[in-house]
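Residue numbers (the numbering used here): 7 to 416. Notes follow the structure.
What follows is the structure, encoded as structure tokens:
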């Protein structure tokens, strides 16, 4: 059988060192019109209102859609752009899975009789009826109040506004009250694309031992953990680190963790812990090595810091005009909250980080790009002094409540 050579005037997809390049659809359309003209012997009308013009337009749409899908698939090989199942597949190469849904985490202040023990898994209820379980044991000190981290047992980005966690659901003798003076750190239905990619990058060190990166990656993988920070002091002197000048003892390891059960956190640290360093923190748990030894098992006290929740305040000033949506204030608050919690695909506010106002302009502008004009976005730690950025210590986790977002139309 004679070979048949098929040619087309439609530009092809090309691959180069810079990636994939797909032709413009106008070039595809012109190519299909040329192909049809050649098939008909030349002289064909190329008007798009003719039957052959309609065929060429339909072919162009089909080819363009195929090219778009191909470009998407090629980009999914790049971890910076991968999402969904393709991102899950890349994660498998690093032996990590996307973290399942987790509940909102919130720091609440429990009050009562001095010396009262409030054990882990104590239950409180918020104003919407959601139940929150405490993540670690706590003892009410001489001040009569103690901060405890609670986590919503209903998974998902369920807001816990300031003052919402206000009811003791299961009574404990000596425990008389509870409230949260800062908003909760939102949970999620499933680990977001951005957070999964962030954890994948950190997991490169996950198979190592005796390295900060290994400890960090292992702690981030603990169920219920929403954020972590790991550093060390490898000098013989006490040093101060971070915005709050947190003191680290000589030759000490520092791990700050928000969310997660104490037993799981302690085990994750212990598995990757360098031998011998002192540990710094306000939370401790004893790990028993029942794998490498027989009874009596060696015991190791693992310490870490449970960071203080710090309220963040935003002030957004917009130009007022009649074309703005009627619910512009609520939309702005939603956009800022989405960016703050990383729900917009970007990086969320983290322990020990600096938050920059520039991170929030795009989300506010996207509400109505034609009519939203932003004068300024500023940030504050105290609701009084506003600047274009706000920094947080390695012992602080930033939180944001919708009521702390001021929107002004001028």
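Think of the CB as a built atom: it goes at the ideal place given N, C-alpha and C, for glycine as much as any other residue.
By a C-beta neighbour count over all protein chains shown, 10 Å radius and 16 as the cutoff for buried, is residue i buried or exposed?
i           : result
residue 418 : Limits of the chain in this structure are 7 at one end and 416 at the other, which puts residue 418 out of reach.
residue 193 : buried
residue 357 : buried
residue 305 : exposed
residue 23  : exposed
residue 12  : exposed
residue 186 : buried
residue 243 : exposed
residue 240 : exposed
residue 348 : buried
residue 45  : exposed
residue 188 : buried
residue 346 : buried
residue 362 : exposed
residue 372 : exposed
residue 407 : buried
residue 62  : buried
How about residue i and residue j: are their beta carbons less than 8 Å apart?
i           : j           : result
residue 292 : residue 260 : no
residue 330 : residue 374 : yes
residue 109 : residue 159 : yes
residue 405 : residue 317 : yes
residue 171 : residue 205 : no
residue 97  : residue 202 : yes
residue 385 : residue 395 : yes
residue 184 : residue 114 : yes
residue 335 : residue 366 : no
residue 66  : residue 35  : yes
residue 417 : residue 176 : Residue 417 lies beyond the stretch modelled for the chain, which goes from 7 to 416, so this question has no answer here.
residue 137 : residue 268 : no
residue 88  : residue 26  : no
residue 91  : residue 196 : no
residue 388 : residue 369 : no
residue 152 : residue 264 : no
residue 321 : residue 285 : no
residue 174 : residue 130 : yes
residue 339 : residue 228 : no
residue 106 : residue 162 : no
residue 262 : residue 283 : no
residue 165 : residue 353 : no
residue 33  : residue 17  : yes
residue 111 : residue 157 : yes
residue 287 : residue 230 : no
residue 102 : residue 209 : yes
residue 168 : residue 390 : no
Tell me where the beta strand (DSSP E) around residue i begins and ends.
i           : result
residue 134 : From DSSP, residue 134 is part of no beta strand (DSSP E); its letter is neither H nor E.
residue 309 : 305–310
residue 407 : 402–415
residue 154 : 151–161
residue 396 : 395–397
residue 321 : 314–324
residue 141 : Note, residue 141: premise wrong, no beta strand (DSSP E); not H, not E.
residue 290 : 289–294
residue 196 : 194–196
residue 285 : 284–286
residue 20  : 20–22
residue 184 : 181–185
residue 26  : 25–27
residue 328 : Segment: none, residue 328 is in no beta strand (DSSP E) and carries neither H nor E.
residue 174 : 171–174
residue 361 : 360–362
Where do the N-terminal and C-terminal ends of the alpha helix (DSSP H) with residue i fall, by residue?
i           : result
residue 340 : 334–346
residue 367 : 367–371
residue 208 : 199–209
residue 221 : 218–226
residue 379 : Looking at the DSSP string, residue 379 is not in any alpha helix (DSSP H), and its letter there is neither H nor E.
residue 35  : 31–45
Hey, is residue i close to the ligand COA, as in C-beta under 7 Å from one of its heavy atoms?
i           : result
residue 393 : In terms of ligand content, the structure shown is empty, and the ligand COA therefore cannot be addressed.
Requested in this report: Examine the Cβ distances between the segment 380–397 and the segment 323–340 and report whether three or more of them are shorter than 8 Å.
Outcome: Output reads yes: the segment 323–340 touches the segment 380–397.
Query raised in the report: Quick check: the segment 395–403 against the segment 238–252, are there 3 or more CB pairs under 8 Å?
Result: Short answer: they touch.
**Report entry** Stretch-stretch touch, CB-based, cutoff 8 Å, three pairs: the segment 287–304 with the segment 272–279
**Finding:** Judged by pairs of C-beta atoms under 8 Å, the segment 287–304 touches the segment 272–279, as three or more such pairs exist.
Query raised in the report: Any chance the segment 216–225 sits against the segment 134–146, with 3 or more Cβ pairs inside 8 Å?
Result: Verdict: no, contact absent.
Query raised in the report: Just checking, does the segment 40–60 make contact with the segment 69–83 on the three C-beta pairs under 8 Å criterion?
Result: Judged by Cβ distances under 8 Å, the segment 40–60 makes no contact with the segment 69–83, as fewer than three pairs qualify.
Requested in this report: Entirely within the segment 54–130 and at least 4 residues each: give me those alpha helix (DSSP H) ranges in chain order.
Outcome: Within the segment 54–130, the complete alpha helix (DSSP H) runs of at least 4 residues are 57–81 and 90–99.
Query raised in the report: Is the number of C-beta pairs between the segment 54–68 and the segment 29–39 that are closer than 8 Å three or more?
Result: Touching, per the Cβ criterion.
Requested in this report: Count the CB pairs spanning the segment 120–131 and the segment 77–89 that are closer than 8 Å, and state whether there are at least three.
Outcome: Inter-segment contact for the segment 120–131 and the segment 77–89 is absent: fewer than three beta-carbon pairs are separated by less than 8 Å.
Query raised in the report: What are the start and end residues of each continuous beta strand (DSSP E) run of 3 or more residues lying completely inside the segment 228–278, in chain order?
Result: Complete beta strand (DSSP E) runs here, min 3: 231–239, 245–247, 252–254 and 258–265.
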